[in-house]
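Student: Before anything else, here's the structure in question.
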Amino acid sequence: MSFDPRSDADAYLASNKVIPLFHDLGTKLLYSKPSDPNAFLKSTLEEIQESKNRGVKSSFFTEKDVLTMYKMFDPTGRGSVSREQYGEALKSMGVDEPTVEVGEGRVGKEDFEKNFKIELDNLSLT
Numbered sequence: 001m002s003f004d005p006r007s008d009a010d011a012y013l014a015s016n017k018v019i020p021l022f023h024d025l026g027t028k029l030l031y032s033k034p035s036d037p038n039a040f041l042k043s044t045l046e047e048i049q050e051s052k053n054r055g056v057k058s059s060f061f062t063e064k065d066v067l068t069m070y071k072m073f074d075p076t077g078r079g080s081v082s083r084e085q086y087g088e089a090l091k092s093m094g095v096d097e098p099t100v101e102v103g104e105g106r107v108g109k110e111d112f113e114k115n116f117k118i119e120l121d122n123l124s125l126t
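Under the UniProt record's numbering, the sequence shown has 72 at position 72, and the numbering climbs by one with no breaks.
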């Protein structure tokens with residue numbers, strides 16, 4: 001049995017959510033464009049740790065963002081989006097591998113919002 005350092009590193013990165021952490025920090029940094037990036041990153045890491053300690057899910061995206069995303073994919077107000085549109089909306093928010101199954105046919109606004117929240121919570125670092 002040989003030791004593969006790459007496999008060990010991949011396991012470490014996955015178990016500690018390092019890649020999603022860097023992605024989240026980078027997104028917040030570019031969105032906020034703080035004058036002192038180091039202080040901003042330190043503060044953000046402290047907020048993530050506090051959320052984790054309180055057992056609160058943290059996400060960069062708000063409910064308003066989810067609603068805005070829904071409206072972008074349903075601009076005519078039909079009340080539902082196709083499964084393909086739903087998948088594209090998830091991808092645009094960073095969800096590459098959805099965990100919530102949606103039924104056949106179209107996805108209604110209520111299911112879109114509910115499932116989207118679950119998917120974003122699954123990406124949460126806390």
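Idealized CB from N, CA, C, for every residue including glycine.
1. In chain order, what residues of the same chain lie with their CB nearer than 8 Å to the CB of Leu-45, ignoring the 5 residues before and after it?
2. To the nearest angstrom, report how far apart Val-100 and Thr-27 are at their CA atoms.
3. For the region 32–117, list the alpha helix (DSSP H) runs that are entirely contained and at least 4 residues long, ordered along the chain.
4. Exposed or buried, Gln-84, counting other C-beta atoms within 10 Å across all chains shown (16 or more means buried)?
5. So Leu-13 is in the alpha helix (DSSP H); what residue range does that whole segment cover?
6. Under the assumption that Gly-108 contacts Ser-80 (Cβ atoms under 8 Å), give the Cβ distance between them as a whole number of angstroms.
7. How do the region 114–123 and the region 55–69 stand: do at least 3 beta-carbon pairs fall below 8 Å, yes or no?
8. Can you check whether the CB of Ser-58 is closer than 8 Å to the CB of Ser-7?
9. Report the option in Leu-90, Asp-74, Lys-42 whose CA atom is closest to the CA atom of Pro-98.
10. Under 7 Å Cβ to Cβ from Ile-19, same chain only, skipping five residues before and after it: list those, please.
Tutor: A quick look at the data gives this:
1. Result list for Leu-45: Leu-25, in chain order.
2. Cα to Cα, the separation comes out at about 24 Å.
3. The DSSP assignment places 37–54, 63–73, 83–92 as complete runs of the alpha helix (DSSP H) inside the region 32–117, in order along the chain (cut-off: 4 residues).
4. Position check: residue 84 holds Glu in this sequence, whereas Gln was assumed. That one is exposed.
5. That run of the alpha helix (DSSP H) goes 5–15.
6. At roughly 5 Å, the Cβ-Cβ gap stays under 8 Å, so Gly-108 and Ser-80 are in contact.
7. Contact holds: three or more Cβ-Cβ distances are below 8 Å.
8. No, Cβ-Cβ distance for Ser-7 and Ser-58 is not below 8 Å.
9. When each option's Cα is compared against that of Pro-98, the closest is Leu-90.
10. Excluding sequence neighbours, Ile-19 sits near Leu-13.
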